[in-house]
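Visitor: My questions all concern the structure below.
Okay, structure coming up:
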């Protein structure tokens, strides 16, 4: 499926961008767009939000996606920063308008919509890129290199622990609604589902549980879950996720048990190497920063035109895996 032929695009020459959705994450896109090019247009159904965003970052303000795409013929790439459940519609409309697209996570909320996006990208001969910010964590990148090089031998098992805090007051507007939020795995932890697939491959089977234990008055889906996986490569994995941590985010942690080593990464954002016991000594890089979003690295990677930028199929795999987890814990 990766053999699609697209019209040639020189991403390093791109200068004109638009943003759909003017919330918090859109600001990180705007800051990077202004660093490398021009923000030509911004769009949000909340016209006051779009107006405020345009005043801060520039660009023509729209409150209709259709109007913006029809009016802004010179826009080369659209950044999708709208609520999760509208990603599919906004991605498809942007591709159909002849734009390349950079989409925030998640790609969409269902496998059916994901494959419709695949077909639209193919038919429109444009390119869709997906924000997978955890892949730019230098510790995770080093771990990926080790696994791909066979330095750890066979991976026997792994465990992800995702323990964050989200108070009731966090869930305002669309957040916490089954649509368009989608669920805790889509909105909080989809980047780390991506890391799991990126490191360990496809999921064959899932067993587990989920529940809403502390947010019955504020969200329409789970706030806690625990599942086990049998991977396609026969490794056994597990995932525990919760937004019920007391007062603050506590950790995103990964433990790997492999033929030639045992490793644990932890910290609030997989930013600490807590232990490494391996056959061959391994040095991991440091990862300390105030902002873990990695959008500067994402835009640098995008504009360099590298062929390994996360694409639509990376997005599809995450959506399929989350859907499989939710079906197994229904």
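Numbering (the numbering used here), first residue to last: 1 to 330.
Using N, Cα and C, we set each Cβ at its ideal position, and we do this for glycine too.
Entirely within the stretch 51–123 and at least 4 residues each: give me those alpha helix (DSSP H) ranges in chain order.
Guide: 65–71 and 87–96
Visitor: What separation, rounded to the nearest whole angstrom, lies between the Cα atoms of residue 48 and residue 25?
Guide: 17 Å
Visitor: How is residue 198 classed by DSSP in three states: helix, strand or coil?
Guide: helix
Visitor: Under the three-state reduction of DSSP, which class applies to residue 139: helix, strand or coil?
Guide: helix
Visitor: With respect to the alpha helix (DSSP H) encompassing residue 32, which residues constitute its N-terminal and C-terminal limits?
Guide: Judged by DSSP secondary structure, residue 32 falls within the alpha helix (DSSP H) whose first and last residues are 24–36.
Visitor: Alpha carbon to alpha carbon, how far is residue 273 from residue 10? Give it in angstroms, no decimals.
Guide: Here residue 10 scores only 47 on pLDDT, less than 50, and its place in the model should not be relied on; the value that follows carries that caveat. If I take the Cα positions, the gap works out to 38 Å.
Visitor: Could you pull the start and end residues of the beta strand (DSSP E) that residue 15 belongs to?
Guide: Taken as a continuous stretch (DSSP letters only), residue 15 belongs to no beta strand (DSSP E), as it is neither H nor E.
Visitor: Given this structure, state the Cα-to-Cα distance separating residue 117 from residue 90, to the nearest angstrom.
Guide: 10 Å
Visitor: Relative to the alpha-carbon of residue 268, which residue among 172, 278 and 137 has its alpha-carbon at the smallest distance?
Guide: Considering only 172, 278 and 137, the residue with the shortest C-alpha distance to residue 268 is 137.
Visitor: Any contact between the stretch 149–164 and the stretch 288–300? By contact I mean 3 or more CB pairs, one from each, below 8 Å.
Guide: no
Visitor: Quick one: what's got a C-beta closer than 6 Å to residue 82's C-beta in the same chain, skipping five residues either side?
Guide: 20, 21 and 90
Visitor: Between which two residues does the alpha helix (DSSP H) holding residue 185 run?
Guide: 184–187
Visitor: Please check the pair residue 201 and residue 232, which I expect to be a contact at CB under 8 Å, by giving their CB distance rounded to whole angstroms.
Guide: 5 Å
Visitor: From what residue to what residue does the alpha helix (DSSP H) around residue 203 run?
Guide: No alpha helix (DSSP H) contains residue 203, which is instead part of the beta strand (DSSP E) from 203–211.
Visitor: Identify which residue in 108, 286, 258 and 290 has its Cα closest to the Cα of residue 280.
Guide: 258
Visitor: Mapping DSSP to helix, strand and coil, what is residue 280?
Guide: coil
Visitor: Per the contact definition of three or more C-beta pairs closer than 8 Å, is the stretch 312–326 in contact with the stretch 179–186?
Guide: yes
Visitor: Between which two residues does the alpha helix (DSSP H) carrying residue 247 extend?
Guide: First-last for residue 247: undefined, no H or E at that position.
Visitor: Residue 215: buried (16+ other C-beta within 10 angstroms of its C-beta) or exposed?
Guide: Burial call: buried.
Visitor: Given this structure, state the Cα-to-Cα distance separating residue 107 from residue 154, to the nearest angstrom.
Guide: Across the structure, residue 107 and residue 154 are spaced so that their CA atoms are roughly 31 Å apart.
Visitor: Judging by CA-CA distance, which residue of 277, 264, 223 and 29 is the nearest neighbour of residue 178?
Guide: 223
Visitor: Does DSSP put residue 147 in a helix, a strand or coil?
Guide: In this structure, DSSP gives residue 147 a helical state, which the three-state scheme calls helix.
Visitor: On the premise that residue 191 lies in contact with residue 133, defined as a C-beta separation below 8 Å, what is that separation, rounded to the nearest angstrom?
Guide: Contact annotation, residue 133 with residue 191: C-beta distance approximately 6 Å; criterion of less than 8 Å satisfied.
Visitor: The alpha helix (DSSP H) spanning residue 315 covers which residue range?
Guide: 312–328
Visitor: Give me the Cα-Cα distance between residue 16 and residue 36, rounded to the nearest whole angstrom.
Guide: 10 Å
Visitor: Could you tell me the distance, in whole angstroms, from the CA atom of residue 253 to the CA atom of residue 140?
Guide: Roughly 11 Å separates the two Cα atoms.
Visitor: Got a sec, what are the start and stop residues for the beta strand (DSSP E) residue 163 sits in?
Guide: 155–163
Visitor: Measuring CA to CA, which of 121, 278, 296 and 171 is closest to residue 92?
Guide: 121
Visitor: Tell me the residue span of the beta strand (DSSP E) that contains residue 296.
Guide: No beta strand (DSSP E) contains residue 296, which is instead part of the alpha helix (DSSP H) from 295–304.
Visitor: Compare the beta carbon distance of residue 62 and residue 42 with 9 Å and say whether it is the shorter of the two.
Guide: Yes; because the gap between Cβ atoms is below 9 Å, this pair is in contact.
Visitor: Of the residues 112, 110 and 69, which one's Cα is nearest the Cα of residue 101?
Guide: 69
Visitor: Compare the beta carbon distance of residue 240 and residue 160 with 9 Å and say whether it is the shorter of the two.
Guide: yes
Visitor: Compute the distance between the beta-carbons of residue 181 and residue 294, then report whether it is under 9 Å.
Guide: no
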